[in-house]
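Report on the following structure.
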Amino acid sequence: MEIVVHGFDEGPIFFPANTWIHSCKDNPDDRIIFRNQAYLPSQTPPGIKDLRREDLLSLRGNGKGKRKPHDRIYDYALYNDLGNPDKDEELARPALGCEKWPYPRRCRTGRSPTKKDPNCETRVEKPHPVYVPRDETFEEIKQNTFSTGRLKALLHNLIPAISAALSSSDIPFTCFSDIDKLYNDGFVLKSDELNEIAQNPFLGNLMKQVLSAGERLLKYETPIVIKRDRFAWLRDSEFARQTLAGVNPVNIEILKEFPILSKLDPAVYGPPESALTKRLIEQELNGMSVEKATEENRLFILDHHDMLLPFMEKMNSLPGRKAYASRTVFFHDRANMLRPIAIELSLPQSPSSPGEKRVYTHGHDATTHWIWKLAKAHVCSNDAGVHQLVNHWLRTHACMETYIIATHRQLSAMHPIYKLLHPHMRYTLEINAIARQSLINGGGIIETCYSPGKYSMEISSAAYQNMWRFDMEALPADLVRRGMAVEDPSMPCGVRLVIEDYPYASDGLLIWSATKEYVESYVDHFYSEPNFVKSDIELQAWWDEIKNKGHFDKRNEPWWPKLNTKEDLSGILTTIIWIASGQHAAINFGQYPFGGYVPNRPTLMRKLIPLENEHDYEKFIRNPQLTFLSSLPTQLQATKVMATQDTLSTHSPDEEYLGQVSHLHSHWINDHDIVELFNRFSARLEEIEGIIHLRNKDVRLKNRSGAGVPPYELLLPTSGPGVTGRGIPNSISI
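With the working numbering applied, the sequence shown closes on residue 739, and no number is skipped along the way.
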């Protein structure tokens, strides 16, 4: 962790190392470790200038050969290791990171190409580890507290055991009490591997373990979404509340223009006009005109139409998958309550069918009411897929990987910006490598359990192509882009929320402004002259590499921020730190609290909504509950996804939270002023924690308080270990 040299009058000298040192036979080169003094490249003492350059060169490698476990080499590669065509044609997947399927780059491993497809890299299957640069693997330190240990235990032991116990893979839930049993009774796992699970220190949170002769019982924690109010998930108000305070609060946008139009090519996808017409919406507005509603910022939309329609035919051809492209319109009434008023579900046109756009409203009779429930479930399933593949994997995990690789390759360990970013890079490359091995790979958990199936990463790539922009990843810019905020120079972050009771945004802006203030003071301290940013060769190479290598497919976009001034630098760094900390926390740690009850947030649907002239319609009329439940994931899919979401929502005991410095890194910088700035940042985050607690008790804020309503805690900075639904880690560590 560090080397300390004693015996000086002014006290010991600290050399933060944070590195594994290997024997000469693995790596004969000398290792260079710098003291905890930060220097811009131009200020480096002459005696260590060459060493600074030499150390950076050793981290870049030469882009050739297969990486060995002891290498500390950071380089870029395509996402071409998700498929396994040599094992099975069905497992072939396109390489992402090309003109057809653009994508951010991952860390290069240099494995040989597959026999069937020279563009794809051979896979390393579990339990063998995927290469990550040596200093990115932490397992030997404290394996039993480490988040990847838990993830591996889940993938290697628990998921296979669940599959063995529920060997008939297509059994649906037949009544709601089947689902309740998962929390109350558990189900029996019979498998030889279970002795291993019994001893496994990682799976403590997930299972209240009950031992009996040769059998084990798997029990799930009751998720918060049904803990306080068993039936909240059925209500329209809760469906709407979760777009502002749920696990995916980043897709809702304002609706200003009619007709609602698709941007897809009409020659391929038919007329662009939505079936959600002005007249239809007006019928749901209790006498208010659409003009009046839009003028008062009362109409909002959750629009997954254009992202999903191009994939709909392929998705619906998969066995046991049936989906629609969806749009949902919400009305924000004068009592400040948001409610869904209409859902449009579309199927694409094809040579054999003209396509269809059907509109559903909540209605008052029993049949309409059940059909409305099915329509909402389809919307939730789409939202779950977009959340996981786009907002979670692409926009936080995959993009952060590119910034981390560039930081190690271009910024010396003694660069002040390296020191600032260091805590926000912990564990991420290793977690991403495990995800490529078992979560987002061909046949992995995401494909098995989410609607898009084998097309999941193609959707992620299409989203990158059509909507990802670095400049819009800043929280205020994203809120303005979606029309959820308007620019207002008099407000602390320069924006005013359109819906004041928007917990993700209002808490997020507190975290954003505290981070921004800290970053600006930090940058001011080191870049005291106006030309320092422009003349910092390492910094310029870093930003150049993020744009031209990490995001090669987006390198020519006009929206990339310039890097000429202190303000430019502070904006870029605040965005990167926000993505690694607040943004990831807000969309990750609520996965089990909201998704752990399958009817609230099914990850896939298995049936279309029955139409009156169809055979299944009679069955639906006789037993609507069974139609609803048999449309949800099967028992096997649901229990797999619950186990995965539980693991992803868990904080490890050694988690490092925003504004905290681990005792192992307490000598990270030899600069009293910077330590003072950091302490101010920590104190501000403590204040924010108090503000959030007060907001959760404010009876006027109905999206975070009220009978049975869970408080919004996902952006509370600190947390204990386990599934807590709160806490902002410094980095993407699970």
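Where a beta carbon is used, it is the ideal one built from N, C-alpha and C, also for glycine. Note that the structure is predicted; figures quoted are calculated from it, not measured.
Could you say which of the options lies nearest to residue i if we only look at CA atoms?
i	options	result
Q393	S575, P508, I265, L609	L609
I737	L426, Y44, E59	L426
D744	D122, I78, L352	With the chain covering 6 to 739 only, the question about residue 744 has no answer from this structure.
P457	H670, V714, L682, P315	P315
T373	E296, S657, F625, T127	F625
T24	P615, I37, P33	I37
P107	D60, I306, Y79, N471	N471
G730	P722, E718, G600	E718
E296	E289, K283, I306, F305	K283
G325	E452, Y274, S417	E452
M317	R235, V230, S461	S461
Y81	L64, G695, L96	L64
P722	E694, L62, R685	E694
R689	L515, H556, V528	L515
H698	N684, P715, R339	P715
K92	S417, N67, K105, T127	T127
R139	N124, D678, R77	R77
I436	Y455, R332, H369, I409	I409
Y365	N162, V391, Y329	Y329
F263	V273, L285, S28, S242	L285
Below 8 Å on the Cβ atoms is my contact criterion, and I expect residue i with residue j to pass it. Report the Cβ-Cβ distance as a whole number of Å.
i	j	result
L159	T649	7 Å
I346	F335	7 Å
I733	A546	Going by Cβ atoms, the distance from I733 to A546 rounds to 30 Å, so no, they are not a contact pair.
E661	N735	5 Å
I739	T655	7 Å
K327	L613	5 Å
M6	L544	Contact flag wrong, Cβ pair sits at about 27 Å.
T114	Y136	4 Å
Compare the beta carbon distance of residue i and residue j with 8 Å and say whether it is the shorter of the two.
i	j	result
E361	D308	no
K131	Y188	no
L56	L83	no
F19	N41	yes
D506	N253	no
S710	N701	yes
L637	P604	yes
R110	K554	yes
A440	H402	yes
Y523	L682	yes
R363	H337	no
N593	H397	yes
V395	A468	yes
G447	R98	yes
G601	M647	yes
F475	P566	yes
A490	L502	yes
F537	L45	yes
L266	P277	yes
Determine the burial state of residue i: buried for a count of at least 16 other Cβ atoms within 10 Å of its Cβ, exposed for fewer.
i	result
A510	buried
G725	exposed
N387	buried
F633	buried
Q642	buried
G449	buried
W517	buried
E226	buried
G16	exposed
P359	exposed
P271	exposed
C180	exposed
C498	buried
L561	For clarity, residue 561 is Asn in the given sequence; the question names Leu instead. By the neighbour-count rule (16 or more Cβ atoms within 10 Å), N561 is not buried but exposed.
W377	buried
H310	buried
P21	buried
Alpha helix (DSSP H) containing residue i: first to last residue?
i	result
A298	295 to 300
L352	Not the alpha helix (DSSP H): L352 falls in the beta strand (DSSP E), residues 343 to 352.
I581	571 to 583
V485	480 to 486
Just curious, the beta strand (DSSP E) that residue i is in, first and last residue?
i	result
I167	Not the beta strand (DSSP E): I167 falls in the alpha helix (DSSP H), residues 164 to 170.
T333	330 to 337
D388	No beta strand (DSSP E) contains D388, which is instead part of the alpha helix (DSSP H) from 371 to 391.
F305	304 to 308
E492	490 to 492
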